[in-house]
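The next block holds one structure in the form of structure tokens; read it before the comments.
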Amino acid sequence: MTTESLASDKATRIHITRLQRWTDKLITFRTTRPAGYEFVPGQYARLGLHNGGVMIWRAYSLTSAPNEDELEFYGIIVEGGQFTSMLDRLKEGDELWLDRQVFGFMTPGRFADGEDLWMLATGTGIGPFISILRDDQAWRRWRRIVLVHGVRHQDEFAYADELKALRASHAGIEGMAALTLLRAVSRDDPGQCLHGRITTLLASGALEQAAGMPLTVEQSRIMLCGNPAMIEETRKMLHERGMRPVRRMNPGQFVTENYW
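Numbering of the sequence shown is given in this note's numbering, commencing with residue 3 and proceeding in unit increments.
Written out as structure tokens, the structure is:
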């Protein structure tokens, strides 16, 4: 398929407008936004780059809010990765491709009931939660929101300052959720953070203790995004508590998305 037919049929060109490197491996990049491109916070896009005449596609969660003029993505540079090795060389003004279709069903609107939203993320799995928190809809929907971000090293806490600012800007406003931010480090000295993996902290009760409220079938709704091993282990623990995944004909208590 030629780039001309690709542009008119399946995808469209976008251009890098800004790059931010959190570490040598973690990168946030903003792009132009095509007219008519719509998404719901929590969804992801497919981005394409040419490699020797072949288009390579990868999924990236949208971190931007749906009302922004640009699109934003957050990801990790994988050493030797076919796509990310090219992404690592991009600079402002460079071109990539965006699939016209948006993907994913890990959105807060999947939940039919509940009062408290828990968002559990490892590594770059925090991406969709940034988009959700940049949009006021979730703040108006829930009584409390708990965001748990688990990483290996302290310097991997991307978006930390913005998350604190979002919490402060919504604090005490009637009709807006109270946001609790919990950070967990598994390898470094934790300092003021929790120490250990999210699954270990959940199993021990430390996560609920730090949040100041329990996970319950009646009130809690959980979104899991990140390492597949974390998601699988957490799913088992939630099943043991009587919780079930959201299905079309079953309201359920949690939704998941694997994200490396």
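All C-beta atoms, glycine included, are put in the ideal place defined by N, C-alpha and C.
(Q) Give me the residue from R136, T126 and K238 with the minimum Cα distance to I29. (A) T126
Q. Exposed or buried, H155, counting other C-beta atoms within 10 Å across all chains shown (16 or more means buried)?
A. exposed
Q: Flag this pair as yes or no: are the beta carbons of G111 and V153 separated by less than 9 Å?
A: no
Q | Which of helix, strand or coil DSSP assigns to D138 | A | helix
(Q) On the DSSP letters alone, give me the boundaries of the beta strand (DSSP E) that T14 sits inside. (A) A13 to R23
Q.
Here's the rule: buried if 16 or more other CB atoms are within 10 angstroms of the residue's CB, otherwise exposed. What is G129?
A. buried
Q.
Could you give the first and the last residue of the continuous alpha helix (DSSP H) run that contains R237?
A. P230 to E242
**Q.** Opening and closing residue of the alpha helix (DSSP H) in which I200 lies
**A.** I200 to S206
Q: May I ask you to report which of helix, strand or coil DSSP gives D163?
A: helix
Q. From A162, S87 and L209, pick the residue whose C-alpha is nearest to that of G50; which is it?
A. S87
Q | Inter-stretch contact (C-beta, 8 Å, three-pair minimum) for the stretch 234 to 252 and the stretch 90 to 103 | A | no
(Q) Using 8 Å for Cβ pairs, my map puts T25 next to D157. What's the rounded Cβ distance? (A) 5 Å
Q: Could you tell me whether the Cβ of A67 comes closer than 9 Å to any Cβ of chain C?
A: The structure shown contains no chain C; it is built from a single protein chain.
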